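Beneath this line is the structure, given in structure tokens, with notes to follow.
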Amino acid sequence: MSKLTIDGIDVVGKRVLVRVDFNVPLDADGGVLDDRRIRMAIPTLRSVLDRGGSLVLMSHLGRPAGTGFEPAYSLKPVADRLAELLPGVPVTLASEDCIGPNADRAVGGLEPGGIVLLENLRFHAAEKKNDPEFAAKLAAHGDVYVNDAFGTAHRAHASMVGVPEAMQDRHRVAGRLLEAELAFLSEAIDDAARPF
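Position one of the sequence shown corresponds to residue 31 (my numbering), numbered consecutively onward.
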């Protein structure tokens with residue numbers, strides 16, 4: 031299964047918009063209980079950072095109402111953990127939103143080698159509805175789109191479907207995690223053990 035991947039494109043000086051799956055469990059104090067999903071994204075993130083790009087990350091966390099910012103579902107603990115896992119890399123959380131002035135300011139100030147984590151996509155009902163206007167606003171944050179969220183690849187949400195559609199004039203590629211999962215699936219299908 032041949033797909034264009036993050037390692038096959040030039041990212042120098044580019045803002046790379048990555049759909050990650052940082053839907054991690056949090057403890058009662060809001061700390062990350064299991065950072066496995068964050069750690070699994072690191073190879074893709076490193077690929078971009080090590081080659082002179084910057085990152086704008088999109089994720090959801092939990093099931094907020096979709097009516098605006100809810101502190102209990104903020105990605106702040108995820109941003110804090112990501113900063114711990116990538117020492118020396120500036121990680122900024124776009125406070126309270128993934129689109130609008132705060133997000134635009136955070137992304138606009140992004141330097142090569144830095145990361146902006148957009149706030150929870152599901153603070154907007156438009157994410158689950160695959161709203162084209164919402165998708166276009168997200169797409170404006172990047173020069174390249176990367177899908178590295180295998181766990182949400184089956185969802186027809188704005189960040190998974192609408193954003194790549196809005197970025198048809200730009201590269202749209204698979205991240206290393208998605209590439210690995212697709213390779214495992216291909217192998218299982220192509221080389222399936224036959225019981226008879």
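Ideal Cβ positions, reconstructed from N, Cα and C, are used throughout, including at glycine.
For clarity, every value in this text was computed on a predicted model and none was experimentally measured.
Review point. Excluding sequence positions up to five away, which residues of its chain have a Cβ less than 7 Å from the Cβ of Ile-39?
Key: Excluding positions up to five away in sequence, the list reads Val-174, His-201, Val-203.
**Study point:** Among Asp-65, Gly-61, Phe-52, Arg-81, the one whose alpha carbon lies nearest that of Val-42
**Key:** Among Asp-65, Gly-61, Phe-52, Arg-81, the Cα nearest to that of Val-42 belongs to Arg-81.
Review point. Which residues in the same chain have their Cβ closer than 6 Å to the Cβ of Pro-73, if we skip the five residues on either side of it in sequence?
Key: Contacts found: Arg-206.
Point to revise | Through-space distance from Met-197 to Leu-63, alpha-carbon basis | key: Distance between the alpha carbons of Leu-63 and Met-197 is about 35 Å.
Check your understanding: For the beta strand (DSSP E) that Leu-147 lies in, which residues bound it at each end?
Key -> For Leu-147, the enclosing beta strand (DSSP E) begins and ends at 145–147.
Practice item. Provide the residue span of the alpha helix (DSSP H) that contains Thr-74, from first to last. Key: It spans 66–79 - the alpha helix (DSSP H) in which Thr-74 sits, taken as one unbroken run.
Review point. Should Leu-79 go down as buried or exposed, given a rule of 16 or more other Cβ atoms within 10 Å for buried?
Key: Classification for Leu-79: buried.
Review point. Between Ala-166 and the rest of its own chain, which residues show a CB-CB distance below 6 Å, the 5 nearest in sequence each way excluded?
Key: Correct list, in chain order: Ala-196.
Review point. Looking at the structure shown, is Ala-186 part of a helix, part of a strand, or coil, going by DSSP?
Key: In the structure shown, Ala-186 sits in coil (DSSP, three-state: anything other than H, G, I, E or B).
Review point. Looking at C-alpha atoms only, which residue of Arg-66, Asp-59, Phe-180, Ile-36 is the closest neighbour of Ser-104?
Key: In terms of CA proximity to Ser-104, Asp-59 leads the group Arg-66, Asp-59, Phe-180, Ile-36.
Point to revise | For Ala-196, the three-state DSSP class (helix, strand or coil) | key: In the structure shown, Ala-196 adopts helical secondary structure according to DSSP, grouped into three states.
Point to revise | Three-way DSSP call (helix, strand, coil) for Met-31 in this model | key: Note that Met-31 has pLDDT 43, beneath the 50 cutoff, so the model's placement of it is unreliable and the number below is only indicative. If DSSP states are grouped into helix, strand and coil, Met-31 belongs with coil.
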